[in-house]
Amino acid sequence: MRSHMLGRYTYTLSTLTPGEEIALVGRLHYFALIIPLCLTGLTFSLFLVAIAFTFQLKGGNIFNHMEILGLWLFVLALFCCTLAAWLKRNLIEMVCTNKRVVKRTGIINVTTEELNRERIESVEMRQSIFGRLFNYGDILFSGTGTSKLVFKFINQPKLMKRIIDAVVTSPNEQPHAH
52 MRSHMLGRYT YTLSTLTPGE EIALVGRLHY FALIIPLCLT GLTFSLFLVA
102 IAFTFQLKGG NIFNHMEILG LWLFVLALFC CTLAAWLKRN LIEMVCTNKR
152 VVKRTGIINV TTEELNRERI ESVEMRQSIF GRLFNYGDIL FSGTGTSKLV
202 FKFINQPKLM KRIIDAVVTS PNEQPHAH
């Protein structure tokens, strides 16, 4: 496993038990960023329309102090939307070890979900039409009782499911992604 990829998964690395090894590190597909980036684009388009409308009303002189402040606030809002999309993609921990699967989300309000390998009853992969075209999907883990864990918008779901199935069915072997 490449060390620069593992550096992001500090929670999982810090909670590994003796004999536990990371078999797979999941990544969000870029499609998970579509909605935040589309909203950013829509906001930018509306802003340009507002500038054009103001320009037409004022006869060419639109940049007074309040409008410049508004422009900077808009740029700040675009930056925040883009940063939120980047954080969503890069700060979600989805890891499968030879003993458990772990999903950790959040920065300040952190949610950690774990499912031990012995408790996993089924591993299911779901893909939409776009998911099949762009190679992303969801991996659903069903555990004993009512426990469920979902890796949403995961990149390369078929490869992930194959590796996860191998980990779940043969605990003595350690498959690795290539």
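Residue numbers (the numbering used here): 52 to 229.
Beta carbons: idealized from backbone N, C-alpha and C, even for Gly.
Note that the structure is a prediction, hence the values are computed from the model and not measured.
Item	Value
V76 - partner residues in DSSP beta bridges	V146
DSSP beta-bridge partners of D189	R177
N-terminal and C-terminal residue of the beta strand (DSSP E) that R168 is part of	Taken as a continuous stretch (DSSP letters only), R168 belongs to no beta strand (DSSP E), as it is neither H nor E.
Three-state secondary structure (DSSP) of N160	coil
Cβ-Cβ distance between V152 and L200 below 8 Å	yes
Beta-carbon gap between G194 and E172 smaller than 8 Å	yes
Beta-bridge pairing of V152 - partner residues as DSSP gives them	C147 and L166
Expected contact under 8 Å - CB spacing of A135 and P87 to nearest Å	6 Å
Range of the contiguous alpha helix (DSSP H) that encloses G64	One point to set straight first is that residue 64 is Leu, not Gly, in the sequence displayed. L64 -> alpha helix (DSSP H) spans T61 to S65.
Continuous beta strand (DSSP E) stretch holding L210: start and end	Unbroken run through L210 is the alpha helix (DSSP H), P208 to T220; no beta strand (DSSP E).
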